[in-house]
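>
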Amino acid sequence: MTLSKAPISSVISYFMLTSGQVIPLPPAPKYLQEDDLTLECRQLLPSLPREPGWIASSLYQYQGFWYASRQLQEVLECQQHFQARDSDVLLVTTPKSGTTWLKAIVFAIVNREAFPPAAAEHHPLLVNNPHDLVPFLERKFYVDKNVPDLASLASPRLLSTHLPNSSLPESVKSSACKLVYLCRNPMDTFVSLWHFTNELRPKNLGDHSLEDSFDRFCRGASLCGPFWDHVLGYWEESLEKPQKVLVLTYEEMKENPNLYVRKLAEFLGCPFSQEEDASGLVDEVVKLCSFGNLSNLEVNKNGKLSSGVENRVFFRRGEVGDWKNLLTAEMLDTMEKISEEKLGKSGMKFRVS
Ligand code: PAP
3 MTLSKAPISS VISYFMLTSG QVIPLPPAPK YLQEDDLTLE CRQLLPSLPR EPGWIASSLY
63 QYQGFWYASR QLQEVLECQQ HFQARDSDVL LVTTPKSGTT WLKAIVFAIV NREAFPPAAA
123 EHHPLLVNNP HDLVPFLERK FYVDKNVPDL ASLASPRLLS THLPNSSLPE SVKSSACKLV
183 YLCRNPMDTF VSLWHFTNEL RPKNLGDHSL EDSFDRFCRG ASLCGPFWDH VLGYWEESLE
243 KPQKVLVLTY EEMKENPNLY VRKLAEFLGC PFSQEEDASG LVDEVVKLCS FGNLSNLEVN
303 KNGKLSSGVE NRVFFRRGEV GDWKNLLTAE MLDTMEKISE EKLGKSGMKF RVS
């Protein structure tokens, strides 16, 4: 085919080579499409503070936190339509804090009777990415007729969100639903986010510079940032309502996963019985959900989410302290100062290495 003769339409994007030849680009994956926003969202965007995006073109600040335009539309929709039930469990994270791992663990805990973790070959986690088993509140459930509505899910529902505490839908605050909040030290969260967003950016844009991304993360202009305000909101809520909100850190879960699997089961009202514990069920949950196990499954190596994101990008190294391979002593110092300033008085602390 002669590339320069390719027909041009408004639907397909084209790329012009230096030779003057024009080649069609494959359609952008769903998570990069920004042209199908609701009228409400399009009208709101121009009034919001704006920063360059990490994956899509821009981030917008809404109720104090930063979102890409598609994500913002989903936030608006779930704030307007989501009806929490008393029996709901919400898994809450800032992006790259261990969402995928938490989803797997809690799914395995609450479904352990129907799907015993040891019955390995029949477990849903072996053939589904955890994001497909625990849906986000802020997804296109309310407008996309191809996606089942959250209201059609049977109770008790297991759901997730990246929303900050102050922006949760009213019904979450007024119902007796439970929230598990998992966070991770800001250095590893930032490094994981930097790798993740570079994977998802259109390849022709190249990688984000580490320094510029670091500066933006520290200023709060990152996906669902400011990171520290996100953490503080849930930390304070957990002190006020310990029966409703449980705060865990990635670092403590990595150090002693069995302990936190037990804690999670207790908090969710389904503690492991002595017999279950003695039979090794807690160990089985930990093993099933381990980085080594999940990251090696076919579905997580080659599958894709409906948003077009490849499952493999949710599994990189899964370690505490990987930031040491990338961040300078000065960057660490900057992060520590911000953490002290924002969280110091609250009592919330991260283990750094
Ligand atoms: P999300 O918020 O976009 O869903 P999330 O799952 O929070 O992403 O972040 C992925 C991180 O969790 C990755 O960290 P890394 O970049 O530092 O490696 C990923 O490797 C890690 N992760 C994924 N699954 C597990 C797991 N089973 N155990 C421990 N860490 C995991």
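Here the sequence shown stands for residues 3 to 355, where the numbers follow this note's numbering.
Beta carbons: idealized from backbone N, C-alpha and C, even for Gly.
1. Between the Cα of V315 and the Cα atoms of K326, A58, V301, which residue gives the shortest distance?
2. Output the distance between the C-alpha atoms of D285 and S297, rounded to the nearest integer angstrom.
3. DSSP beta-bridge partners for P54?
4. Between D324 and ligand 1, is the CB less than 6 Å from at least one heavy atom?
5. Under 7 Å, do G235 and N167 count as touching if we go by C-beta distance?
6. Please tell me whether R186 has its Cβ less than 7 Å away from any Cβ of chain B.
7. Is R319 near ligand 1, going by C-beta to nearest heavy atom under 6 Å?
8. Looking at the structure shown, is E140 part of a helix, part of a strand, or coil, going by DSSP?
9. Below 8 Å CB to CB, which residues in the same chain sit around V112 once its five sequence neighbours on both sides are set aside?
10. Mind checking whether the beta-carbon of G305 lies closer than 6 Å to any heavy atom of ligand 1?
11. So who's on the other strand from L250, going by DSSP bridges?
12. Three or more C-beta pairs under 8 Å: does that hold for the stretch 119-134 against the stretch 93-110?
13. Check whether the stretch 168-177 touches the stretch 207-221, counting contact only when three or more Cβ pairs, one atom from each stretch, lie closer than 8 Å.
14. Nearest to A58 by alpha carbon, out of S224, L155, A106?
15. Hey, out of P188, G66, S281, V129, whose CA is closest to E253's CA?
16. Starting from W237, follow the alpha helix (DSSP H) in both directions and report where the run begins and ends.
17. Decide if V77 is buried, meaning its Cβ has at least 16 other Cβ atoms within 10 Å, or exposed.
18. Could you tell me the alpha carbon to alpha carbon distance between T356 and Q23, rounded to whole angstroms?
19. Would you say the beta carbon of T101 comes nearer than 6 Å to a heavy atom of ligand 1?
20. What are the residues that DSSP puts in a beta bridge with F67?
21. According to DSSP, V91 sits in a beta bridge with which residue or residues?
22. Determine the contact status of L139 and C80, defining contact as a CB-CB distance below 7 Å.
23. Mind checking whether the beta-carbon of K98 lies closer than 6 Å to any heavy atom of ligand 1?
24. Measure the alpha-carbon distance for H232 versus L334 and round it to whole angstroms.
25. With a CB to CB cut of under 6 Å and the five nearest residues on each side skipped, what residues in its chain are close to T4?
26. Flag this pair as yes or no: are the beta carbons of Q63 and P51 separated by less than 7 Å?
27. Decide if L41 is buried, meaning its Cβ has at least 16 other Cβ atoms within 10 Å, or exposed.
28. With a threshold of 6 Å on Cβ separation, who are the neighbours of P119 within its own chain once the five nearest residues in sequence on each side are excluded?
29. In the DSSP output, which residue or residues are listed as bridge partners for E312?
30. What's the C-alpha gap between M350 and P259?
31. With a threshold of 8 Å on Cβ separation, who are the neighbours of S12 within its own chain once the five nearest residues in sequence on each side are excluded?
32. Looking at ligand 1, does it come within less than 6 Å of S309, judged from the CB to the closest heavy atom?
33. Mapping DSSP to helix, strand and coil, what is T40?
34. Of all the options S71, W56, Y33, which has the alpha carbon lying nearest to the alpha carbon of Q45?
35. Using C-beta distances below 8 Å, list every residue in its chain close to F352, excluding the 5 sequence neighbours before and after it, in chain order.
So, from the data block:
1. V301
2. 18 Å
3. S60
4. yes
5. yes
6. The question asks about chain B, but that chain is absent: this structure has only one protein chain.
7. yes
8. coil
9. V91, P158, L160, L270, C272
10. no
11. L184
12. yes
13. no
14. S224
15. P188
16. 229-242
17. buried
18. No statement about residue 356 is possible, as the shown extent of the chain runs from 3 to 355 and does not include it.
19. yes
20. Y64
21. L160, K180
22. yes
23. yes
24. 20 Å
25. Bear in mind that the predicted position of T4 carries a pLDDT of just 33, short of 50, making it unreliable; the figure below should be weighed with that in mind. Around T4: no qualifying Cβ.
26. yes
27. exposed
28. A110, E286, V287, L290
29. K306
30. 20 Å
31. Confidence at S12 is low in this model, with a pLDDT of 34, below 50, so the placement of that residue should be treated as unreliable; the coordinate-derived value is given next. Correct list: empty, nothing qualifies.
32. no
33. coil
34. S71
35. C185, R186, N187, P188, T251, E253, S341
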